[in-house]
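Chains A and B, in that order, are what the protein sequence lines are. 241 is the number that the working numbering gives the last residue of the first sequence; the numbers go up by one with no jumps. 463 is the number that the working numbering gives the last residue of the second sequence; the numbers go up by one with no jumps. The structure under discussion appears below in the form of structure tokens.
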Amino acid sequence: MINCFKEKIGEVLLPGDVFTFEPPAPETNLKPEKVVCGPGLRRDGDDVRVCKCGVLRHKTPNVFWIDSQQKRYVPVKGETVIGVVTAKSGDIFKVDVGGSELASLSYLAFEGATKRNRPNVQVGDLVFAQFIIANKDMEPELVCIDSCGRANGMGVFGEGGFLFRVSLGLVRRLLAPQSEIVADLSGLFPCELVVGMNGRVWVKAKSTQQTLILANLLESSENMTATQRQALFRRVADGAL
Amino acid sequence: MDLKVHEASPATREFGCEQNLLSRPDGSASFIQGNTNVLAAVYGPAEVKVSKEIYDRATLEVLIQPKVGLPGVRERAREQCVRETCEAALLSSLHPRSSLTLILQEIHDDGSLLACCLNAACMALMDAGLPMSCLFCGITCVINMDGQIIIDPTLQQEKDSRALMTFAIDSIDKRVMMSSTKGSISVQELQEAIALSQRASERIFQFYRSSVCRRYSKTAAN
């Protein structure tokens, strides 16, 4: 059954493409195989249908998903995102994460926050938080602490840097374990970089000019191949500064 | 009228498309059939006004802007056709209480405008990454005064015809999702036209596949 997936790994698939599985012949004692279908693949009775266009990717042993390019973010539980606080109403903050609804962030969901000791969050602040509730039927909820109660890098940030938007594909490439783009960027000049999975990236370097250069480089590296990108970074490292 | 249907292979004009050409919408595409050119942009899933929200599905709005003047009744009729087709193809139950907005701008009309709008809409929805159960394409046929069925007519051929039909065909079973007809046609002519459209749609779906493959070829290599 996995074979019909494995044939198509790395191929571009369109919505409407179907993977049908024949039931194994009763003589062969094949163990039923489990396949985990990720984003872009949906089960429809006994078939698996493709519902987004993109490249079929595979992670051993049995995870398959469609890698598609998108600009619009849809909240998913567990993802860390950069949000902008838009309103304070009573005990919760309303945060814009770029999805179809504003997410809510309770004031107690910060490290060391109690009813007496409220966190210092104003309207317009940037927060780095993760989703604890994110499904299509409910309003998404964010928290700035992990399951142990520690901040772990999350919370309010953003003094003096620059926030901009990129596509979700580029963000996933930046957050990949050995990301080439981040490695190339760290060779240029020292900077702080916060990447949210909702397509928002925040950079801060020593001067405004360097910050803007970094922002432009990241935005343009979306459509470049690795060699073009490295050539551009080398030109900036030598020429511009 | 004596019916003469030529079993010629469904010949369409040259088509071309470009995806992701606008920076602000979540998905955009431009589709060209001969000289007819339509630009489509999709925004969504985004916030929806409480008066328009549907509790279990996404709210789809289609806006067609003509090249000259304000949208009128003709555009509203076309919007209705495009909206019915898109709602059938999209998995809108995955985004309840959200809005999807599809804006189609007519750049040039040289015949088969509704079909071109449908094709541009499908490519823009794919570009935006909205989940769809199938793809769709639009084909226009006319029956001219000799009884001949012509696929993908130009504006002049449309004016000289006695009947004009547009069909939306789905990609899985090649069934008709939407039909819009003008003029008088016999049942047999209609069935012949549907058969010819289904054959012509193969070519359009192959074109979708090759243009999406070309688009992903750069990132697949990364």
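Just so it is clear, CB atoms sit at the ideal spot from N, CA and C, and this is done for glycine as well.
Please compile the residues from chain B whose C-beta is within a distance smaller than 7 Å of the C-beta of residue i.
{"i": "residue 177/A", "result": "Near residue 177/A there are no residues of chain B at all, since even the closest Cβ is about 15 Å away, more than 7 Å."}
{"i": "residue 68/A", "result": "370"}
For chain A, check one thing: does any of its Cβ atoms lie closer than 8 Å to the Cβ of residue i?
{"i": "residue 413/B", "result": "yes"}
{"i": "residue 450/B", "result": "yes"}
{"i": "residue 194/B", "result": "Absent from the structure is residue 194/B, since the part of chain B shown begins at 242 and ends at 463."}
{"i": "residue 271/B", "result": "no"}
{"i": "residue 312/B", "result": "no"}
{"i": "residue 349/B", "result": "no"}
{"i": "residue 464/B", "result": "No answer is possible for residue 464/B: the residues shown for chain B start at 242 and end at 463."}
{"i": "residue 379/B", "result": "no"}
{"i": "residue 337/B", "result": "yes"}
{"i": "residue 332/B", "result": "yes"}
{"i": "residue 285/B", "result": "yes"}
{"i": "residue 406/B", "result": "no"}
{"i": "residue 367/B", "result": "yes"}
Under three-state DSSP, which class holds residue i?
{"i": "residue 249/B", "result": "Since pLDDT at residue 249/B reaches only 43, below the 50 mark, its modelled position is unreliable, and the value read off the structure follows with that caveat. Correct three-state label for residue 249/B: coil."}
{"i": "residue 9/A", "result": "coil"}
{"i": "residue 400/B", "result": "helix"}
{"i": "residue 53/A", "result": "coil"}
{"i": "residue 15/A", "result": "coil"}
{"i": "residue 284/B", "result": "strand"}
{"i": "residue 242/B", "result": "Confidence at residue 242/B is low in this model, with a pLDDT of 38, below 50, so the placement of that residue should be treated as unreliable; the coordinate-derived value is given next. In this structure, residue 242/B counts as coil in the three-state DSSP scheme."}
{"i": "residue 432/B", "result": "helix"}
{"i": "residue 100/A", "result": "coil"}
{"i": "residue 130/A", "result": "strand"}
{"i": "residue 330/B", "result": "helix"}
{"i": "residue 76/A", "result": "coil"}
{"i": "residue 263/A", "result": "Within the shown structure, residues of chain A are numbered from 1 to 241, placing residue 263/A beyond reach of any answer."}
{"i": "residue 453/B", "result": "helix"}
{"i": "residue 181/A", "result": "helix"}
{"i": "residue 420/B", "result": "strand"}
{"i": "residue 255/B", "result": "coil"}
{"i": "residue 151/A", "result": "coil"}
{"i": "residue 109/A", "result": "coil"}
{"i": "residue 325/B", "result": "helix"}
{"i": "residue 121/A", "result": "coil"}
{"i": "residue 405/B", "result": "strand"}
{"i": "residue 170/A", "result": "helix"}
{"i": "residue 292/B", "result": "coil"}
{"i": "residue 309/B", "result": "coil"}
{"i": "residue 318/B", "result": "helix"}
Quick one: list the residues of chain A neighbouring residue i, beta-carbon separation under 9 Å, in chain order.
{"i": "residue 374/B", "result": "15, 16, 42, 44, 49 and 51"}
{"i": "residue 343/B", "result": "Within 9 Å Cβ-Cβ: nothing; residue 343/B doesn't reach chain A, min ~14 Å."}
For chain B, find out if any of its Cβ atoms is closer than 8 Å to the Cβ of residue i; answer yes or no.
{"i": "residue 71/A", "result": "yes"}
{"i": "residue 54/A", "result": "yes"}
{"i": "residue 101/A", "result": "yes"}
{"i": "residue 249/A", "result": "An answer regarding residue 249/A cannot be provided, because it is not within the stretch 1 to 241 covered by chain A."}
{"i": "residue 74/A", "result": "yes"}
What residues match up with residue i in a beta bridge as DSSP calls it?
{"i": "residue 260/B", "result": "270/B"}
{"i": "residue 67/A", "result": "55/A"}
{"i": "residue 165/A", "result": "200/A"}
{"i": "residue 302/B", "result": "342/B"}
{"i": "residue 445/B", "result": "None, per the DSSP bridge assignment."}
{"i": "residue 349/B", "result": "278/B"}
{"i": "residue 37/A", "result": "64/A"}
{"i": "residue 81/A", "result": "129/A"}
{"i": "residue 410/B", "result": "378/B and 417/B"}
{"i": "residue 47/A", "result": "44/A"}
{"i": "residue 93/A", "result": "88/A and 105/A"}
{"i": "residue 257/A", "result": "This structure cannot settle anything about residue 257/A, because the visible part of chain A is limited to 1 through 241."}
{"i": "residue 157/A", "result": "126/A"}
If the cut is a Cβ gap below 7 Å, which residues of chain A does residue i touch?
{"i": "residue 453/B", "result": "12, 14 and 53"}
{"i": "residue 288/B", "result": "100 and 101"}
{"i": "residue 418/B", "result": "Under the 7 Å cutoff, chain A gives no residues; its nearest Cβ is about 12 Å from residue 418/B."}
Check whether the Cβ of residue i lies closer than 8 Å to any Cβ atom in chain E.
{"i": "residue 33/A", "result": "Among the chains of the structure shown, chain E does not appear; the protein chains present are A and B."}
Exercise for the section: Jot down the residue ranges of each uninterrupted alpha helix (DSSP H) in the region 191-235 of chain A, minimum 4 residues, whole runs only, in chain order. Expected result: 208-220 and 226-235
Problem - Sequence ranges, alpha helix (DSSP H) only - wholly within the region 353-395 of chain B, length at least 4 - result: 354-368
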